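J.: In the UniProt record's numbering, the protein residues as written are 1 to 311.
Even for Gly, the Cβ is constructed at its ideal location relative to N, Cα and C.
Note that the structure is predicted; figures quoted are calculated from it, not measured.
First the structure, which I've put down as structure tokens, then a few questions once you've had a look.
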Amino acid sequence: MPSSTTGEQPGEPDPAELAARYGLARTTARPSLLGYLQQLWQRRDFIRAYSSARATAQYSASRLGQLWQIVTPLLNAGVYFILFGVLLQLDRGIANFPAYLVTGVFAFTFMQRSLNNGAKAIGDNLALVRALHFPRAMLPLSSVFVELRQIMISMCALFLIIPLTGIIKGTGDTIMWSWLLIVPVVGLHMLFNIGISLVMARIGAVSQDINQLLPVLTRIWFYSSGVFYNIKYFGERIEPDWLQAILFPIIKLNPGAVFLDLYRTVLIESHEPLNLPLGLNVWEAATGWAVLFLVGGFLFFWRKEEVYGRG
């Protein structure tokens with residue numbers, strides 16, 4: 001008698017047909033893009049609670065607790081002020097250098113930490129990824145919301161620092177109606193950070209080596225974004241002229257410089273916005289970067305949804 005090569009008995013139903021009939025699907029299968037978005041929306045309360053718990057636990061072992069969310073970037077800004085403002089005197093062309101510097105440090109820290117945490121979002125949670133079925137994008141999203149809480153606290157500190165330094169420096173920087181625009185500024189910045197976090201989450205899931213390169217890459221980004229110096233003042237002094245014609249527009253349009261300039265334009269009255277290439281204003285450039293990275297980053301991450309946690 002002929003033997004069955006499939007191991008199925010005559011008349012036995014095909015498992016694939018049964019699965020299709022009763023709506024069963026592989027748990028590791030990548031859902032449709034719309035289905036994936038729906039799953040994330042259904043779990044929005046968990047994302048909010050998980051990010052809040054992570055933010056609270058981050059400083060739970062320290063005596064000052066959540067105060068470190070303000071103290072740490074302020075200490076960094078103090079170091080940069082002494083080094084670049086006092087010793088190297090890189091405050092040329094900046095009316096209110098302390099406010100300029102602190103705003104830059106706070107805003108860049110939001111980007112840097114979102115990028116770094118995104119790269120570790122899958123690797124640091126492998127046990128959770130392998131044990132439970134959920135949209136993996138929840139992990140990098142949660143890491144960005146942790147940093148969103150940080151930047152909101154930092155903005156409250158800035159609302160005190162800017163008028164105070166305006167009085168000390170005599171620049172006239174004070175409370176302005178444009179401060180209300182900080183809400184859409186942070187919103188655009190958050191969307192951009194979600195995008196870069198998703199990009200780095202996929203790269204970090206494939207290769208942990210990226211975590212060794214990130215300190216170097218973020219340091220280059222830091223120095224090219226005008227955190228502690230006026231991009232216009234130094235960019236116009238790039239030589240020879242052909243190199244300036246290439247590098248200066250790239251430096252001004254890099255997303256780090258764009259978002260830092262947007263914060264300063266809204267918060268610091270004495271700040272002169274960058275003259276961006278292509279006739280763009282800073283709002284248009286920031287919106288473009290936010291949409292590009294949010295959409296591109298989400299698609300880039302979603303396409304490998306079924307492979308995260310394997311290997």
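Give the single residue among 310, 299 and 304 whose Cα lies nearest to the Cα of residue 34.
T.: Comparing Cα-Cα distances from residue 34 to each of 310, 299 and 304, the minimum goes to 299.
J.: Please state whether the Cβ-Cβ distance between residue 138 and residue 196 is less than 8 angstroms.
T.: For residue 138 and residue 196, no; Cβs fall outside 8 angstroms.
J.: Quick check: the segment 69-77 against the segment 101-111, are there 3 or more CB pairs under 8 angstroms?
T.: With a cut-off of 8 angstroms, the segment 101-111 and the segment 69-77 count as touching, because enough Cβ pairs lie within range.
J.: Determine the contact status of residue 200 and residue 144, defining contact as a CB-CB distance below 8 angstroms.
T.: In this structure, residue 144 does not lie closer than 8 angstroms to residue 200 by Cβ.
J.: Quick check on the DSSP output: the alpha helix (DSSP H) that includes residue 147 runs from which residue to which?
T.: Here the alpha helix (DSSP H) through residue 147 covers 138-169.
J.: Expressed to the nearest angstrom, what Euclidean distance is found between the alpha-carbon atoms of residue 112 and residue 282?
T.: Taking the straight line from one Cα to the other gives about 20 angstroms.
J.: For the segment 227-235 against the segment 83-92, are there 3 or more C-beta pairs whose distance is under 8 angstroms?
T.: Touching, yes.
J.: Rank 203, 42, 148 and 185 by C-alpha distance to the C-alpha of residue 122 and give the top, closest one.
T.: Ranking the options by Cα distance to residue 122, first place goes to 203.
J.: Tell me the start and end of each unbroken alpha helix (DSSP H) in the segment 214-266 that is at least 4 residues and wholly inside, in chain order.
T.: Qualifying alpha helix (DSSP H) stretches, in chain order: 231-235 and 241-253.
J.: Between the segment 245-252 and the segment 158-174, do at least 3 Cβ pairs fall closer than 8 angstroms?
T.: Too few Cβ pairs lie closer than 8 angstroms, so no.
J.: Just tell me which of 146, 242, 293 and 245 has its CA closest to the CA of residue 109.
T.: Nearest of 146, 242, 293 and 245 to residue 109, Cα basis: 146.
J.: What number of angstroms, rounded off, separates the C-alpha of residue 324 from the C-alpha of residue 54?
T.: This structure gives no information on residue 324, because the portion of the chain shown stretches from 1 to 311.
J.: Helix, strand or coil: how does DSSP classify residue 189 here?
T.: Helix, per DSSP.
J.: Tell me where the alpha helix (DSSP H) around residue 300 begins and ends.
T.: Counting along the chain, the alpha helix (DSSP H) containing residue 300 begins and ends at 282-302.
J.: Report the CB separation of residue 301 from residue 188 in whole angstroms; it is logged as a contact under 8 angstroms.
T.: About 20 angstroms separates the two Cβ atoms, so there is no contact after all.
J.: I'd like the list of long-range same chain contacts for residue 170, defined as Cβ closer than 8 angstroms, with 5 residues on each side in sequence excluded.
T.: Contacts found: none.
J.: Taking the C-alpha atoms as reference points, what is the distance between residue 266 and residue 179?
T.: So the two alpha carbons sit approximately 6 angstroms from each other.
J.: Rounded to whole angstroms, what's the CA-CA distance from residue 135 to residue 289? Just pull it up for me.
T.: Approximately 25 angstroms, taken between the alpha carbons.
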